[in-house]
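In what follows, a structure is listed as structure tokens, so that the remarks can point back to it.
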Amino acid sequence: MKYRNYKVADTELSLLGFGVMRLPVLEDGDTVDEDEAIRMIRYAADQGVNYFDTAYVYHGGQSERVLGKALAGGLREKVLVATKLPYWIMKDPSEMLPAFEESLARLGMDYVDNYLVHDINDGRWDLVREWKIFDFLAKLKKEGRIRFGGFSYHGESPELFREILDAYPWDFVQIQLNYMDTQVQAGLEGYEYAAKKGIPVIVMEPLKGGKLTDTMPPSVRAYWDSLGKGRTPAEWALRWVANLPGVTTILSGMSTFPQVEENVRVLSDAEAGGLTEEELDTIAHAAEEYRKLIVYPCTACKYCMPCTAGIDIPLVMNFRNWSDVYGVTDRQHAEFNMFLNRGKPSACVKCGKCEEECPQGLAIMKAMDETAAIYE
9 MKYRNYKVAD
19 TELSLLGFGV
29 MRLPVLEDGD
39 TVDEDEAIRM
49 IRYAADQGVN
59 YFDTAYVYHG
69 GQSERVLGKA
79 LAGGLREKVL
89 VATKLPYWIM
99 KDPSEMLPAF
109 EESLARLGMD
119 YVDNYLVHDI
129 NDGRWDLVRE
139 WKIFDFLAKL
149 KKEGRIRFGG
159 FSYHGESPEL
169 FREILDAYPW
179 DFVQIQLNYM
189 DTQVQAGLEG
199 YEYAAKKGIP
209 VIVMEPLKGG
219 KLTDTMPPSV
229 RAYWDSLGKG
239 RTPAEWALRW
249 VANLPGVTTI
259 LSGMSTFPQV
269 EENVRVLSDA
279 EAGGLTEEEL
289 DTIAHAAEEY
299 RKLIVYPCTA
309 CKYCMPCTAG
319 IDIPLVMNFR
329 NWSDVYGVTD
339 RQHAEFNMFL
349 NRGKPSACVK
359 CGKCEEECPQ
369 GLAIMKAMDE
379 TAAIYE
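Heads up, the sequence shown stops at 384 in my numbering, and the numbers go up one at a time, no gaps.
Structure follows, in structure tokens:
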């Protein structure tokens, strides 16, 4: 496993970080497959992964609990653990400390290494300041209950990102970055600003929620084949992020054991500056081809959930995109009716809550109408 310096802790972090957000689930689609998830986490740790990122809201709270179980018995002392403050689901600041303590209880830990103000965006930045969340982080650090304070960013522009970054002496920052999202949210401009300030950058969504690794449109596959190295789409995407020297850790939300194995393999030899100009140019062309095909770049982060009308919004967005990227087939119709036997997109009541929460700023209600027209 490759490591990069995490200067605030005077330690080395594994280039691969385990994002405990998309764990394997049982047939009900909600309950985490605990045994398999623990096997994956422990395997990753045995292979040298020493950064695990969870959150209060992931898997309805199951993520923190399962991670705690997986790291119990000696592994906890060998790794850094991150979790997040979900201030945006709270009524007032008095709920922050109980939520933090609930996270610790689920994890079975006395402290966490990295604590993030979760999902700061354009509509929440004022709330962060109004609630004096900076002071809350400082208090937890002074008490030794967290070691480092940071934030994850899902705002609409690098300008707001720079404002937030300059407002407080953050220990680290977490941004969405992949070869398709170079100008989305913080983007490359935000990454470069943080790196210039010497703030460790942790990258999330390097595979764009799996969108860069699923079935390849032939026009995109042709670019990977042209490079002639036999690398998977996931490997090219991870290597693109690893190519950036200011990235400390790359979080991957892994759902299967083979995904863990592949990501460990790739980030055990990926280097900053390791891609050739030809490879970077080819990746840029593949990104442009994807942009031509994908109408709604949803990452399935599920911030839009739960839906007032009981719709699985990320799943519907997948079907909408697939209709353009892969065409509408009988198989897709059958899968649509199987996976969406209730809560079809036509049930949307246009309340707008999903669009208020979407980090990508997607026109979700429009997508619901379009998907209903295509498949229903």
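Don't be surprised by glycine CBs; every beta carbon is placed ideally from N, CA and C.
- Pairwise C-alpha distance: Met346 and Trp178: As a first step, residue 178 must be located in the sequence shown, where it is residue number 170. As a first step, residue 346 must be located in the sequence shown, where it is residue number 338. Taking the straight line joining both Cα atoms gives about 46 angstroms.
- With a cut-off of 8 angstroms on the beta carbons, I'd call Ala146 and Leu173 a contact; round off their distance for me. In the sequence shown, the residue the question calls residue 146 occupies position 138. In the sequence shown, the residue the question calls residue 173 occupies position 165. About 17 angstroms separates the two Cβ atoms, so there is no contact after all.
- Message: Taking 6 angstroms as the limit between beta carbons, can you name the residues of its chain near Pro101, skipping five residues before and five after?
- Response: Here the question's residue 101 lines up with position 93 in the sequence shown. Result list for Pro101: Trp139, in chain order.
- Query: Taking buried to mean at least 16 other C-beta atoms within 10 Å of its own C-beta, is Asn129 buried or exposed?
  - Reply: As a position in the sequence shown, residue 129 is number 121, starting the count at 1. Buried.
- Message: Once the 5 residues before and after Ser111 are set aside, which same chain residues still bring their CB inside 7 angstroms of it?
- Response: Residue 111 sits at position 103 when you count from the first residue of the sequence shown. Same-chain partners within the cutoff: Tyr64, Glu72, Thr91.
- Query: Out of Val228, Cys315, Tyr59, which has the shortest C-alpha to C-alpha gap to Ile372?
  - Reply: If you number the sequence shown from 1, residue 372 lands on position 364. Cα-wise, what sits closest to Ile372 is Cys315.
- Item | Best match in His67, Ile49, Thr190 for proximity to Leu215 [C-alpha to C-alpha] | For the purposes of this step, residue 215 is identified with residue 207 of the sequence shown, where counting begins at 1. Minimum Cα distance to Leu215 is reached at Thr190.
- Message: Can you tell me whether Lys2 is buried or exposed? The criterion is at least 16 other CB atoms within 10 Å of its CB, across all chains shown.
- Response: Here the chain covers residues 9 to 384 and nothing more, so residue 2 does not appear.
- Message: Taking 6 angstroms as the limit between beta carbons, can you name the residues of its chain near Gly217, skipping five residues before and five after?
- Response: The residue you call residue 217 lines up with position 209 of the sequence shown. Hits under 6 angstroms: Thr307, Ala308.
- Task: Pick out whichever of Glu151, Ile321, Ile291, Ser276 has its Cα sitting closest to the Cα of Tyr304.
- Result: Here the question's residue 304 lines up with position 296 in the sequence shown. Tyr304 has its Cα closest to that of Ile321, out of Glu151, Ile321, Ile291, Ser276.
- So what does Arg12 bridge to, in DSSP terms? Position 4 of the sequence shown holds residue 12. Paired residues: Leu21.
- Contact check, Val357 vs Ala317, beta carbons under 8 angstroms: For the purposes of this step, residue 357 is taken as the residue at position 349 of the sequence shown. For the purposes of this step, residue 317 is taken as the residue at position 309 of the sequence shown. Result yes, Cβ atoms of Val357 and Ala317 sit closer than 8 angstroms.
- Between Thr257 and Asp143, what straight-line distance do the alpha-carbon atoms span, to the nearest angstrom? Residue 257 sits at position 249 when you count from the first residue of the sequence shown. Residue 143 sits at position 135 when you count from the first residue of the sequence shown. Rounded to whole angstroms, Thr257 to Asp143 spans 27 angstroms at the Cα level.
- Given a threshold of 16 other Cβ atoms within 10 Å of its Cβ, counted over all protein chains shown, does Asn349 qualify as buried or as exposed? One-based indexing of the sequence shown puts residue 349 at position 341. That one is exposed.
- Straight-line Cα distance separating Lys150 from Met325: As a working mapping, residue 325 is identified with position 317 in the sequence shown. As a working mapping, residue 150 is identified with position 142 in the sequence shown. Going from the Cα of Met325 to the Cα of Lys150 covers about 44 angstroms.
- Report the partner residues of Met212 according to the DSSP bridge assignment. Translated into the one-based positions of the sequence shown, residue 212 becomes position 204. Partner(s): Gln184.
- Query: Can you tell me the Cα-Cα spacing of Gly360 and Gln368, whole angstroms?
  - Reply: Along the sequence shown, one-based indexing puts residue 360 at 352. Along the sequence shown, one-based indexing puts residue 368 at 360. C-alpha separation (whole angstroms): 14 angstroms.
- Query: If you follow the beta strand (DSSP E) that Asn122 is part of, which residue opens it and which one closes it?
  - Reply: If you number the sequence shown from 1, residue 122 lands on position 114. Element bounds for Asn122: 120–128.
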